[in-house]
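Its first residue numbered 0, the sequence shown is counted upward by one per residue in numbering that gives the first Met the number 0. All C-beta atoms, glycine included, are put in the ideal place defined by N, C-alpha and C. What follows is a set of notes on a single structure, which appears directly below.
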Amino acid sequence: MTLAVLGVASGPLMAADRPEDFPTLTALEQKQRELQPIIRRDLQQSPSAAQSIDEAYLRTAFPKIEISPAISDTQHAGIDIDRWVDTFENADAVRVRNEAVVLLFVSASIPEKTLTNLLEQARDRNIKVVFRGVTGDNPLSFSHFRRFLTGLGLNRYPEIDINPVAFERFQVREVPALIVSLPSEGAEDSGCQVVGRSAIVYGDVPVQFSLERIVSEGEPELAAVAKGYLIKGSQP
Numbered sequence: 000m001t002l003a004v005l006g007v008a009s010g011p012l013m014a015a016d017r018p019e020d021f022p023t024l025t026a027l028e029q030k031q032r033e034l035q036p037i038i039r040r041d042l043q044q045s046p047s048a049a050q051s052i053d054e055a056y057l058r059t060a061f062p063k064i065e066i067s068p069a070i071s072d073t074q075h076a077g078i079d080i081d082r083w084v085d086t087f088e089n090a091d092a093v094r095v096r097n098e099a100v101v102l103l104f105v106s107a108s109i110p111e112k113t114l115t116n117l118l119e120q121a122r123d124r125n126i127k128v129v130f131r132g133v134t135g136d137n138p139l140s141f142s143h144f145r146r147f148l149t150g151l152g153l154n155r156y157p158e159i160d161i162n163p164v165a166f167e168r169f170q171v172r173e174v175p176a177l178i179v180s181l182p183s184e185g186a187e188d189s190g191c192q193v194v195g196r197s198a199i200v201y202g203d204v205p206v207q208f209s210l211e212r213i214v215s216e217g218e219p220e221l222a223a224v225a226k227g228y229l230i231k232g233s234q235p
């Protein structure tokens, strides 16, 4: 188990890296095909050996990406997996949302019991869960992924996104990983955008632990966002 809390600001993005409407389904298909060897490798790998809980790293963080709007309190009862899959399959594009966000990065390679617990914890705190890609050989076939999700047997599910671009932008190197990201502060006149600061906690630990770690060790603004999700989860 490896844990790391990160938070740092970086310089402006080049014009080619500015967030726009992306990725289209065509771009997702290409990215998914490129990632198939990685996804198959992840599914075959065992969890990494345990490491010190105090191990920490500092790196540049990238702006956060969301595929669909943040879940509202009225949606807290859970999502309809079938409707979610249908909506995602028919989506034309995704957008960057310029707001603070908490994301939980996972994959199908995580042991089922651990993954189920993490999904339940994310659901209870309105935290979006991000997968790198679908399972199965066809990168745009959601039927296998639908069966995988429903097979976990949750009564209610968190909001779920499939977003390989987010894995790259945040440089997520292992899962599970919980990220708190501040909104980017754009320099509108120059057409550039300053990369938002982020904090990340790696490790097979409860979502509450990861949030508490960022509250205690993260920058004040990041800690405030994490604390808000701790409070949200404590409400009935």
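When DSSP states are grouped into helix, strand and coil, Ala198 belongs to the strand group.
Arg122 and Tyr156 have their C-alpha atoms spaced approximately 6 Å apart. With 16 or more other Cβ atoms from the protein chains shown falling within 10 Å of its own Cβ, Lys127 counts as buried. Take the alpha-carbon of Gly217 and the one of Glu98: they are about 18 Å apart. Bounds of any alpha helix (DSSP H) do not take in Leu102; it lies within the beta strand (DSSP E) bounded by Val100 to Val105. Take the alpha-carbon of Phe104 and the one of Pro219: they are about 23 Å apart.
Taking each of Thr149, Ile109 and Leu177 in turn and checking the Cα distance to Tyr228, the smallest one comes out for Leu177. For Val179, the secondary structure class from DSSP, reduced to helix, strand or coil, is strand. In summary, Glu111 is exposed, with fewer than 16 beta-carbon neighbours lying within 10 Å of its beta-carbon over all protein chains present.
In this structure, the alpha-carbon of Phe130 lies about 16 Å from that of Val179.
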